[in-house]
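Before any comments, here is the structure.
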Amino acid sequence: MYPDHTPHVPAQRAVNVHQPTPYPPAVAAPSPVVPVQPDTVPAVASIVLPDGRVVTGYAINPAQPEPLAARPAVSRTAVNIALGGVGFLAVCGGLILLTSFIAALTAFITQLITLAAVIFGGWIAVQIFSANGHQGGTTVNIRKAVIKRNKFYS
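Numbering of the sequence shown is given in our numbering, commencing with residue 596 and proceeding in unit increments.
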């Protein structure tokens with residue numbers, strides 16, 4: 596039996612839904628709480644269950660999935676790989692130029708060393724094989740000297 600003394604008959608009893616009106620916002624002293632606009636207050640619903648209980652609560656809207664972001668025509672990974680390839684090619688070109696520069700510098704230094712060796716060697720050869728046998732030195736001829744009785748015979 597119910598408080599209104601009616602027998603429980605689920606098929607005969609209808610569900611009553613009450614829509615209470617929300618209170619208007621009270622004007623009070625400023626508070627740290629941000630006031631909520633009346634438009635954003637969700638509707639409060641009361642439902643009377645078949646057994647006589649009343650359930651009151653806010654209506655819950657089903658969660659809407661977030662809209663999918665528009666996908667670009669080309670993936671970011673592909674763009675990053677392409678940019679990495681362009682950068683790698685630029686570095687390789689610079690390395691080829693650097694290698695060519697080092698090879699040319701090495702050949703130039705080798706030619707300078709060879710030229711110095713040829714010039715210095717030629718100067719030494721001229722000094723050794725010059726047609727002037729004596730160029731202002733002192734010539735000393737040593738002969739067998741004979742000294743007899745304190746007399747020098749040459």
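Built from N, CA and C at the ideal position, the CB exists for glycine as well.
Beta-bridge pairing by DSSP links residue 653 to 639. The beta-bridge partner set that DSSP reports for residue 612 consists of 642. Three or more Cβ pairs closer than 8 Å define a contact, and the segment 639-652 meets that threshold against the segment 611-622. Counting along the chain, residue 670 sits inside no alpha helix (DSSP H), nor does DSSP assign it H or E at all. Excluding the 5 residues flanking it on each side, residue 650 has same chain C-beta neighbours closer than 6 Å at 642, in chain order.
If you draw a straight line from the Cα of residue 712 to the Cα of residue 691, it is about 32 Å long.
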